[in-house]
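Just so you know, the sequences run in chain order F and S. Taking numbering that gives the first Met the number 0, the leading residue of the first sequence gets 0, the next gets one more, and so forth. Taking numbering that gives the first Met the number 0, the leading residue of the second sequence gets 0, the next gets one more, and so forth.
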Amino acid sequence: MKVRILVSLKESVLDPQGQTVRNALHTLGYHSVKDVRQGKVFEIELEGVGRSEAEKIIPEIADKVLANPIIEKFTWEILDY
Amino acid sequence: MKFGVVVFPGSNCDYDTFHVLQNVMGQETVFLWHKNHDLQGVDCVVLPGGFSYGDYLRSGAIARFSPIMVEVKKFAAAGGLVLGICNGFQILLEAGLLPGAMLRNKHLKFLCQHVHIRIDNPKTAFSNAGKKGQVLKIPIAHFDGNYYADPQLLAELERNKQIVFRYCDEKGNLTEEANVNGSLNSIAGLINRQGNVLGMMPHPERASERILGSEDGKIIFQSIINFLEKRTGAGKRKAGKIVRPAISPLPPLIGTF
Numbered sequence: 000m001k002v003r004i005l006v007s008l009k010e011s012v013l014d015p016q017g018q019t020v021r022n023a024l025h026t027l028g029y030h031s032v033k034d035v036r037q038g039k040v041f042e043i044e045l046e047g048v049g050r051s052e053a054e055k056i057i058p059e060i061a062d063k064v065l066a067n068p069i070i071e072k073f074t075w076e077i078l079d080y
Numbered sequence: 000m001k002f003g004v005v006v007f008p009g010s011n012c013d014y015d016t017f018h019v020l021q022n023v024m025g026q027e028t029v030f031l032w033h034k035n036h037d038l039q040g041v042d043c044v045v046l047p048g049g050f051s052y053g054d055y056l057r058s059g060a061i062a063r064f065s066p067i068m069v070e071v072k073k074f075a076a077a078g079g080l081v082l083g084i085c086n087g088f089q090i091l092l093e094a095g096l097l098p099g100a101m102l103r104n105k106h107l108k109f110l111c112q113h114v115h116i117r118i119d120n121p122k123t124a125f126s127n128a129g130k131k132g133q134v135l136k137i138p139i140a141h142f143d144g145n146y147y148a149d150p151q152l153l154a155e156l157e158r159n160k161q162i163v164f165r166y167c168d169e170k171g172n173l174t175e176e177a178n179v180n181g182s183l184n185s186i187a188g189l190i191n192r193q194g195n196v197l198g199m200m201p202h203p204e205r206a207s208e209r210i211l212g213s214e215d216g217k218i219i220f221q222s223i224i225n226f227l228e229k230r231t232g233a234g235k236r237k238a239g240k241i242v243r244p245a246i247s248p249l250p251p252l253i254g255t256f
């Protein structure tokens, strides 16, 4: 089973990297770019677990290790099963 | 007093810290290997600077799962003194021994320079050798030192006087320019509520000998010694007198990463 977890900074936390990317896009003439938020993607392969078990452990993994809940939030999806 | 310097794969200020504690401050010092569960009866644990586990995932995020950190957490819970310097501070935050988190520096640059920090709370185990408002010149070297806490936590830290050091100019003023990494409330060093765990981004071990341009870092180590001597009833040493043993070769690091 393949899972994709997306970790990014919370809306309330300033993202200077995202701002720098936005500014670069403006320099290139993409003025329709209003905001950029940068994050991390994790692709995890699970084996020997069913869907309900996966749905239980994925948020645990993200909350305990992949994201720092003080500054980051996460979303996840099961890619194939 | 006996100090323990933890060595993680990627620590690179471990030998500097060991050298200052043993040869400048004249204290018994041992290395604590990250894979061990033994704190060797030390009075104070120091988590040194560096790039533990290559800063993978987030700075300090992997080091907190090391076997030695299980013991460091127990030691801290029992009131033992823990000092985290730079990457050590980041590890303490990730391990939940200190509140808050680190973001990338405001201008997205790795900063390696001398800065000034002001002692805002001299009544701690890590700052008692200094005076309130005293300005120290100590270098920083980090990418992720932009301290973040939500407004509620920040207010709590201020109320409890947990902010021990703040970035300032050479006169002690808190300016936007002096707050080089963009930390909220210019936070450079933070202590836990119980007062036995301190994290700081500046490197006191790099400013403890005149030849390095500043000896202000000794104030932090001397404070710890003062506190421990008082606690164990060993009697306070005369101010300014530091025993300097002959420089001893540092022990080789044994173990595999």
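Cβ atoms here follow ideal geometry from the backbone N, Cα and C, with glycine treated the same way. Bear in mind the structure is a predicted one, so any value in this text is a computation, not a measurement.
Look at the region 11-44 of chain F: the residues with a C-beta under 8 Å from a C-beta of chain S are Ser11, Val12, Leu13, Pro15, Gln16 and Thr19.
Taking each of S:Ile224, S:Leu107 and S:Ala75 in turn and checking the Cα distance to Gln193 (chain S), the smallest one comes out for S:Ala75. If only uninterrupted alpha helix (DSSP H) runs of at least 4 residues are considered, those enclosed by the region 90-177 of chain S are 150-158.
When CB distances to chain F are screened at a threshold of 7 Å, not a single residue of the region 179-191 of chain S falls below it. Distance from the CA atom of Arg21 (chain F) to the CA atom of Glu10 (chain F), rounded to whole angstroms, is 16 Å.
For Ile224 (chain S), the three-state secondary structure derived from DSSP is helix. The residue from S:Arg57, S:Val71 and S:Phe50 with its alpha-carbon nearest to that of Gly3 (chain S) is S:Val71. Considering only beta carbons, the part of the region 43-70 of chain F lying closer than 8 Å to chain S consists of Val64, Leu65, Asn67, Ile69 and Ile70, in chain order. One alpha carbon belongs to Asn35 (chain S), the other to Glu175 (chain S), and they sit about 43 Å apart.
The beta carbon of Leu82 (chain S) sits no closer than 8 Å to any beta carbon of chain F. Closest in alpha carbon position to Glu44 (chain F), among F:His30, F:Ser7, F:Leu5 and F:Tyr80, is F:Tyr80.
Taking a beta-carbon distance threshold of 8 Å, Tyr166 (chain S) does not count as an interface residue toward chain F.
S:Lys122 is the residue among S:Lys122, S:Gln39 and S:Asp13 whose C-alpha sits nearest the C-alpha of Gly132 (chain S). Pairing Pro138 (chain S) with His202 (chain S) gives a Cβ-Cβ distance under 8 Å. Following the DSSP letters along the chain, one finds Leu78 (chain F) inside the beta strand (DSSP E) bounded by residues Glu71 to Asp79. Taking the C-beta atoms as reference points, Asp143 (chain S) is found nearer than 8 Å to Leu102 (chain S). Fewer than three Cβ pairs drawn from the region 208-218 of chain S and the region 55-63 of chain S lie within less than 8 Å of each other, which leaves the two stretches out of contact. Interface annotation for the region 147-158 of chain S against chain F: Tyr147, Ala148 and Asp149, criterion Cβ-Cβ distance under 8 Å. Taking 9 Å as the upper bound on Cβ-Cβ separation, chain F lies near residues Ala100, Met101, Leu102, Arg103, Asn104, Lys105, His106 and Leu107 of the region 100-119 of chain S.
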